[in-house]
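The numbering used here applies: residue 1464 is where the sequence shown begins, and numbers increase by one.
Read through the structure below, which is laid out as structure tokens, and then see the notes.
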Amino acid sequence: MLLIVLLGLIIYFNSLQNDFITGDDEDQIINNRQVHSWKNIPAHFVGSTYFREENDTAYGLYYRPLMQTVYSLIYNAVGPDPLYFHLTQLLLHIGNALLVFLLFKQFGKIVWAFLAALIFLVHPLNSEAVLHIANMQENLFFFFGSLALIILTQSPNPKLTLNRALGIGTGLLFSLLAKETGGLFLLIAVWYVFLLQRKMLPQILTVVGVTGGIYGFMRGLAGIGWGSDSIAPINHVSLGVRLLTIPRIIWEYLYKFIFPQQLSLAQFWVVQRVTFTDFVLPLIGVGLVMWGLWYGRKELGRGITPDKKGAYSFFLLWFWLGLLVHIQLIPLDATWAERWFYFPLVGLLGCLVLIMTEVRIRRRYLIISASLILLLALRTLVRSFDWYDSKTLLTHDIALTQGNYYLENMLGALYIQDKNYAAAGPYIESSVAAYPYFGNLTNLGIIYLKQKNYPQAKIYFEKALGARGNYATYQNYANFLLYILKDYQAAHDFTEKSVVRYPKAGLMWLVLAQAQYYLGEKDQALASSWTAFTLKPFDMTYDVYLTIREGGILDTEKYLRQE
């Protein structure tokens, strides 16, 4: 077990120096005011994972209060230092590998259990769940769910004591509070008892029912439903198209399990029609693998104890369930992601452990296994360098996944932040060409704005608004109307509606105040400017408030330069 700890530290040690990654790391931690104070921890249990000051509320589709609580604990203990977030994530992953070993060795030979745990530890498909701070939910939900299973499976007692029931229920609840996928542990806990300890079935059903009920009550209290509202293309195609995409999704996981090359942060492709490479070939490959796993179950049932056969069925369903929730029957926020194999990988490895347990241990098998683990570890080590910072990661991954609108827009946005609009342009234009949505449309509007092509900028800002734009889309358009076009009536009308939508957006109130002042509405402008200052108390908002109060002349260009 010490080797598992040491190997995990060695392989991922380089990642401890990596930075936060643009996107969810910023939205969930750096710019999330609720994470920045101990006092806000209770709020994590009645809200979602993101926070917007313009609405003064948490928002999002996910209910993951345990993950947000861990973020808060780290942030308030050491501040926004990525080292400690990475270290926490790494220790959780190593802990998960140890739990996998403890689970496997109950059903198979210890040497194969140990080697399988090492594969879980170092496999490149698991690297995203370790290297991306925003994906800490993967480590957390797996840790607590596996802990519950260990408590369930390690005791030969066919009856649940109160302490065991509380331990199992707490682990399952914490898994759910870390990520919705933790619900799979409830299912496989019942499946395990049904297969191997059936006398305990009424008790485990009670534990699972109570756990699910508590979670449902907490989620309902937070007002978070189960719908999907992602911008990803897979969310906006028919069920038939999603069904066409399933074989390739599964095949990508199976193929990269064997050949983990061309790893990328997120993939958004969709299979729109039947082709040999995107549908027929993956379907054949998936069919052969599934037949092989089922055949393994059949062969394993000959001449072995029912417990071994039941254990194989347990891990086989674990694998299938893990895939089932990620094959887009219910659309997710991407088509394919490495982190989503974190759970099903254990089911697959469990099947392999049981198969190899029936094989006589030979030296050459151990040498081959050790060599494969070493190759996987080296691939993960190399991958950890790609995650050094946002630009390094995005530049690398875009080169491997041409036409990835999401990654291209993120890299273009980074160049916009650096005021390198020439570098940003090609990425944003390519992103819009691949899949236009409010984010890349807004960024293309900004690029045209900086090029002083105001008609085109206006077109793309308005396209972004029509594409269900977010607060940044609204604020950029308001600034554009006031500071660039100097269309005070349009700015007035737009921001008057926008402050209803975003009542805590100080900069939106600032634009409204100036538009009102230019249109002669001094009393309204004074009230709006004071609201802007109370929401955003800094020099620019105070200067506007004083100027309006004293009836002075607003220096629009000065505010534009500050903005």
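Positions of the beta carbon are idealized from the N, C-alpha and C atoms, including for glycine.
Name the residue from the options whose alpha carbon lies nearest to the alpha carbon of residue i.
i: Tyr1980; options: Leu2009, Asn1939 and Leu1623; result: Leu2009
i: Ile1474; options: Leu1837, Gly1679 and Ser1776; result: Leu1837
i: Val1895; options: Gly1888, Asn1903 and Pro1889; result: Asn1903
i: Thr1738; options: Gln1724, Thr1708 and Phe1722; result: Thr1708
i: Ala1995; options: Leu1982, Gly2014 and Val1974; result: Val1974
i: Gln1660; options: Phe1680, Gly1632, Thr1616 and Leu1635; result: Thr1616
i: Gly1632; options: Ser1991, Glu1591, Phe1604 and Gly1675; result: Gly1675
i: Leu1874; options: Ile1596, Asp1519, Leu1857 and Leu1536; result: Leu1857
i: Gln1919; options: Tyr1940, Asn1933, Ala1935 and Gly1932; result: Tyr1940
i: Phe1722; options: Ala1927, Ala1954 and His1586; result: His1586
i: Gln1952; options: Ala1976, Leu1702, Leu1623 and Ser1727; result: Ala1976
i: Thr1855; options: Thr1520, Pro1889 and Leu1870; result: Leu1870
i: Val1435; options: Pro1710, Lys1771 and Leu1728; result: The requested residue 1435 is not part of the displayed model; the chain covers only 1464 to 2026.
i: Leu1524; options: Val1809, Gly1983, Gly1969 and Gly1686; result: Gly1686
i: Leu1639; options: Gln1600, Ala1954 and Ile1493; result: Gln1600
i: Glu1516; options: Leu1726, Ser1992 and Val1962; result: Val1962
i: Leu1970; options: Leu1928, Asn1942 and Tyr1898; result: Asn1942
i: Leu1787; options: Pro1545, Leu1706 and Asn1933; result: Leu1706
i: Ala1695; options: His1789, Asn1620, Gly1755 and Tyr1898; result: Tyr1898
i: Gly1486; options: Asn1872, Asp1986 and Tyr1934; result: Asn1872
Since I believe residue j is in contact with residue i (beta carbons under 8 Å), could you give me their beta-carbon distance rounded to a whole number of angstroms?
i: Leu1555; j: Trp1850; result: Incorrect: roughly 17 Å between the Cβ atoms, too far for contact.
i: Leu1649; j: Val1671; result: 5 Å
i: Asn1495; j: Phe1508; result: That pair is no contact at about 15 Å.
i: Thr1644; j: Phe1476; result: At roughly 28 Å, the Cβ-Cβ gap does not stay under 8 Å, so Thr1644 and Phe1476 are not in contact.
i: Trp1783; j: Gln1730; result: Not really, about 22 Å apart at Cβ, beyond 8 Å.
i: Glu1591; j: Arg1802; result: 5 Å
i: Gly1748; j: Trp1714; result: 5 Å
i: Leu1795; j: Ile1697; result: 7 Å
i: Gln1666; j: Val1704; result: Rounded, the Cβ-Cβ distance is 44 Å, inconsistent with contact.
i: Lys1999; j: Asn1518; result: The pair is not a contact, with the Cβ atoms about 15 Å apart (cut-off 8 Å).
i: Gly1908; j: Tyr1923; result: 4 Å
i: Ala1611; j: Leu1584; result: The pair is not a contact, with the Cβ atoms about 21 Å apart (cut-off 8 Å).
Which value, in whole angstroms, describes the spacing of the CA atoms of residue i and residue j?
i: Ser1847; j: Phe1483; result: 13 Å
i: Ile1504; j: Thr1551; result: 18 Å
i: Glu1959; j: Thr1997; result: 18 Å
i: Ala1641; j: Met1530; result: 5 Å
i: Gly1510; j: Ser1500; result: 15 Å
i: Ile1793; j: Gly2014; result: 58 Å
i: Gln1938; j: Leu1945; result: 11 Å
i: Leu1466; j: Leu1839; result: 16 Å
i: Leu2017; j: Met2003; result: 11 Å
i: Asp2006; j: Leu1989; result: 12 Å
i: Leu1684; j: Ala1506; result: 11 Å
i: Met1819; j: Tyr1775; result: 12 Å
i: Leu1565; j: Gly1630; result: 17 Å
i: Leu1948; j: Asn1906; result: 18 Å
i: Thr1864; j: Trp1732; result: 10 Å
i: Glu2026; j: Leu1717; result: Reliability fails at Glu2026, whose pLDDT of 48 lies under 50, so the model's placement of it is uncertain and no value is given.
i: Trp1654; j: Gly1679; result: 21 Å
i: Arg1931; j: Asn1626; result: 50 Å
i: Phe1720; j: Gln1497; result: 38 Å
i: Gly1634; j: Gln1491; result: 24 Å
i: Ser1832; j: Met1663; result: 37 Å
i: Phe1777; j: Leu1808; result: 14 Å
i: Ile1712; j: Arg1964; result: 38 Å
i: Pro1528; j: Thr1512; result: 7 Å
Name the one or two DSSP bridge partners that residue i has.
i: Tyr1522; result: Tyr1513
i: Trp1799; result: Gln1730
* Asked: Mind pulling the alpha helix (DSSP H) runs of 4 or more residues that sit fully within the segment 1962-1990?
  -> 1969-1981
* For the segment 1617-1647, which segments carrying the alpha helix (DSSP H) assignment without a break, of at least 4 residues, lie completely within its bounds, in sequence order? -> 1625-1641
* Where are the alpha helix (DSSP H) runs, 4 residues long or more, that stay fully inside the segment 1885-1930, in chain order? -> 1901-1913 and 1917-1929
* To do: Output the residue ranges of the alpha helix (DSSP H) runs that lie fully inside the segment 1568-1626 and measure 4 residues or longer, sorted by chain position.
  => 1573-1585, 1590-1594 and 1599-1617
* **Ranges of the beta strand (DSSP E) found wholly within the segment 1652-1683, counting only runs of at least 3** => none
* To do: Note down, one range per segment and in chain order, each alpha helix (DSSP H) of at least 4 residues found wholly within the segment 1813-1859.
  => 1826-1849
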